[in-house]
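**Q**
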Amino acid sequence: MTSGMTDGTDPVAGADAPLRIGVVGYGGAGRGIHARLARAAGQHVTHVVTRHRSDQVHEDWPDATVVPDLDALLGSAGRLDLVVVASPTGDHAAHVAAALQAGVHVMTDKPLATTTAEATALASAGAEAGGRLTVFQNRRWDGEQLTLRRLLDEGALGRVHRFERRWERYRPVPQDRWKENDPRSGGLLLDLGAHLVDAAVQLFGPVEQVVAELRALTTPAVDDVFLALRHRAPEGGGPAVVSHLQAGSLVGAPGPRTRVLGERGAYLVTRFEGEPTPFEALDEALGAGTGTGTGTGTGDGSGAGDLGLEHEGWLVRGAERTPVPRAPGGHVDLYHAVERWVRGTGPVPVDPWDAVATARVLDAAVVSAGEDRPVRLSPEAR
Numbered sequence: 001m002t003s004g005m006t007d008g009t010d011p012v013a014g015a016d017a018p019l020r021i022g023v024v025g026y027g028g029a030g031r032g033i034h035a036r037l038a039r040a041a042g043q044h045v046t047h048v049v050t051r052h053r054s055d056q057v058h059e060d061w062p063d064a065t066v067v068p069d070l071d072a073l074l075g076s077a078g079r080l081d082l083v084v085v086a087s088p089t090g091d092h093a094a095h096v097a098a099a100l101q102a103g104v105h106v107m108t109d110k111p112l113a114t115t116t117a118e119a120t121a122l123a124s125a126g127a128e129a130g131g132r133l134t135v136f137q138n139r140r141w142d143g144e145q146l147t148l149r150r151l152l153d154e155g156a157l158g159r160v161h162r163f164e165r166r167w168e169r170y171r172p173v174p175q176d177r178w179k180e181n182d183p184r185s186g187g188l189l190l191d192l193g194a195h196l197v198d199a200a201v202q203l204f205g206p207v208e209q210v211v212a213e214l215r216a217l218t219t220p221a222v223d224d225v226f227l228a229l230r231h232r233a234p235e236g237g238g239p240a241v242v243s244h245l246q247a248g249s250l251v252g253a254p255g256p257r258t259r260v261l262g263e264r265g266a267y268l269v270t271r272f273e274g275e276p277t278p279f280e281a282l283d284e285a286l287g288a289g290t291g292t293g294t295g296t297g298t299g300d301g302s303g304a305g306d307l308g309l310e311h312e313g314w315l316v317r318g319a320e321r322t323p324v325p326r327a328p329g330g331h332v333d334l335y336h337a338v339e340r341w342v343r344g345t346g347p348v349p350v351d352p353w354d355a356v357a358t359a360r361v362l363d364a365a366v367v368s369a370g371e372d373r374p375v376r377l378s379p380e381a382r
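Numbering-wise, the sequence shown is residues 1 to 382 according to UniProt numbering.
(1) Between which two residues does the beta strand (DSSP E) containing Asp109 stretch?
(2) Please report the distance separating the alpha-carbon of Val160 from that of Glu263.
(3) Candidates Asp55, Asp69, Leu70: which alpha carbon is nearest residue 383's?
(4) Assuming Gly187 and Thr219 make a contact with CB atoms under 8 Å, what is their CB distance in whole Å?
(5) Within the same chain, show all residues whose beta-carbon is closer than 6 Å to that of Gly25, passing over the 5 residues directly before and after it, in chain order.
(6) Could you check which residue in Gly252, Glu208, Leu250 has the C-alpha nearest to that of Pro234?
(7) I'd like to know whether the C-beta atoms of Leu245 and Leu227 end up nearer to each other than 8 Å.
(8) By how many angstroms is the C-alpha of Leu80 removed from the C-alpha of Asp16?
(9) For Ala212, which residues does DSSP report across the bridge?
(10) Could you tell me whether the region 143 to 154 touches the region 114 to 127, using the rule of 3 or more Cβ pairs below 8 Å?
(11) Pull up the DSSP beta-bridge partners for Glu320, would you.
(12) Just mark Gly330 as buried or exposed, buried being the case when its beta carbon has 16 or more other beta carbons within 10 Å.
(13) Exposed or buried, what is Arg376 when buried is set at 16 or more other beta-carbons lying within 10 Å of its beta-carbon?
(14) List the DSSP bridge partners of Val67.
(15) Counting only the same chain and skipping the five closest in sequence on each side, list residues whose C-beta sits under 7 Å from that of Thr89.
(16) So, using beta-carbon positions, are Ala102 and Ala123 closer together than 8 Å?
(17) If you follow the alpha helix (DSSP H) that Glu144 is in, where does it begin and where does it stop?
(18) Output needed for His336: all residues of its chain with C-beta closer than 7 Å, excluding positions within five of it in sequence on either side, in chain order.
(19) Just list the beta strand (DSSP E) runs in the region 18 to 46, keeping only unbroken ones of 3 residues or longer that don't cross its boundaries, in chain order.
(20) Quick check: Arg321 and His311, are their CB atoms within less than 8 Å of each other?
(21) Once you ignore the five residues that flank Val48 on each side, which residues in its own chain have a CB closer than 6 Å to its CB?
(22) Per the DSSP calculation, Ala121 is bridged to which residue(s)?
(23) Where do the N-terminal and C-terminal ends of the alpha helix (DSSP H) with Ala337 fall, by residue?
(24) Could you name the residues of the same chain whose beta carbon sits closer than 8 Å to that of Asp223, not counting the 5 residues immediately before and after it, in chain order?
(25) List the endpoints of the continuous beta strand (DSSP E) containing Ser243.
(26) To the nearest angstrom, how far is it from the Cα of Val260 to the Cα of Leu203?
(27) Ends of the beta strand (DSSP E) at Thr115?
(28) Three-state secondary structure (DSSP) at Gly255?
(29) Answer yes or no: do residue 385 and Ala240 have a C-beta to C-beta separation smaller than 8 Å?
(30) Rounded to whole angstroms, what is the Cα-Cα separation between Trp167 and Arg257?
(31) Whose CA, out of Ala29, Gly131, Asp69, Arg165, lies closest to the CA of Asp198?
(32) Just to confirm my understanding: we take Pro45, look at its own chain, exclude 5 residues before and 5 after, and list those with CB closer than 7 Å. What are they?
(33) For Pro68 and Gly130, what's the separation of their Cα atoms in angstroms?
(34) Exposed or buried, which one is Ser378 when buried takes at least 16 other CB atoms within 10 Å?
(35) Rounded to whole angstroms, what is the Cα-Cα separation between Ala29 and Gly237?
(36) If you draw a straight line from the alpha carbon of Glu154 to that of Thr147, how long is it in whole angstroms?
Structure follows, in structure tokens:
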């Protein structure tokens, strides 16, 4: 089999063979998320870049080849269909650029890069490489995001004027991880903010103004984030949607995960840190803590079905509160979409230019917080 390293038209792994994946980094993202979802999607991790976790790799993937660095991985590019970049945030740009230059399809964990300039350069490089780049925005496949998208499409909320999303936790003693210890990581602004902003833009369109409060309360990196985004006003008139996005590590009483206010009511999701995550539920379905078991679960990839979550939030109109049926789908659907994209039978799952739009908002947030002022964004130009 050949792997399609030249112009994007050569065949990759045969239609009946699992996609062959090389993973850069085998920590919380590489092992904890990507390896789990790849297995759930019926794909195979064949190569891993790690210096200290070879035992974990071989526990999960006995036949995988462990290499010490990206150069060694890309030396095997002809035997890979996809490279997944799950390295620390500050390394994304260099790793993505090198993988694209090697001619392989690339999916990088979010954020695409730490600045708009870097993200723009990578999106351009991906386009020049024949559209071989995508970004891991798995939270687009969250149950609450899919369900909210359906409610908006159905007009159940009427004209929306505010979108709120909170990813909050109570962790007064920080974990000893690079995300917390290295200010260059961007902390929660880049880690969770990349998801929060992407969700807001996907639902309500481009952002025109950013107001931000960013603080480092318990760690050297930012661990307390508040963003107020004003989206572009609808063409048909009416008020612009305002998004309030929050992430924090010192929140003893988390607020609702999602609250959307419209003229015909509100959509409310309450879920807290102590409840099982989609990945914990996926482990339960697969039958192992690392996602290496053989159970099948419900097959939607989110694990929500295994938790009995037939409903996703509430439609609230004053005293009236109605459970909302959960939209089908889950995180593993992103990996299925990636496989279709790599094989040439489907579109790019997440356009890297979407990540550029997110980077512009996050850069503006840094300026807003640093200078204590609103920051207006000009219309995007590619």
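The beta-carbon is built from N, C-alpha and C at its ideal position, and this holds for glycine as well.
For clarity, every value in this text was computed on a predicted model and none was experimentally measured.
**A** The answer reads as follows:
(1) 105 to 109
(2) 6 Å
(3) A question about residue 383 goes unanswered here, because the residues of the chain that appear run from 1 up to 382.
(4) 7 Å
(5) Ala86, Ser87
(6) Glu208
(7) yes
(8) 16 Å
(9) Leu227
(10) no
(11) Arg317
(12) buried
(13) exposed
(14) Val49
(15) Pro111, Thr114, Ser185, Gly186, Leu190
(16) no
(17) 143 to 154
(18) Ala41
(19) 20 to 24
(20) no
(21) Val23, Tyr26, Val57, Ala64, Val66
(22) For Ala121, which the question treats as bridged, DSSP gives no partner whatsoever.
(23) 332 to 343
(24) Pro174, Glu180, Gly187, Leu188, Arg215, Ala216, Leu217, Gly248, Ser249, Leu250
(25) 242 to 248
(26) 11 Å
(27) Counting along the chain, Thr115 falls outside any beta strand (DSSP E), and DSSP gives it neither H nor E.
(28) coil
(29) This structure cannot speak to residue 385, because the chain is shown only from 1 to 382.
(30) 6 Å
(31) Arg165
(32) The sequence given here places Val at residue 45; Pro does not occur at that position. Within the same chain, Val45 has close Cβ partners Ile21, Val23, Ala35, Ala38, Trp61, Ala64.
(33) 28 Å
(34) exposed
(35) 42 Å
(36) 11 Å
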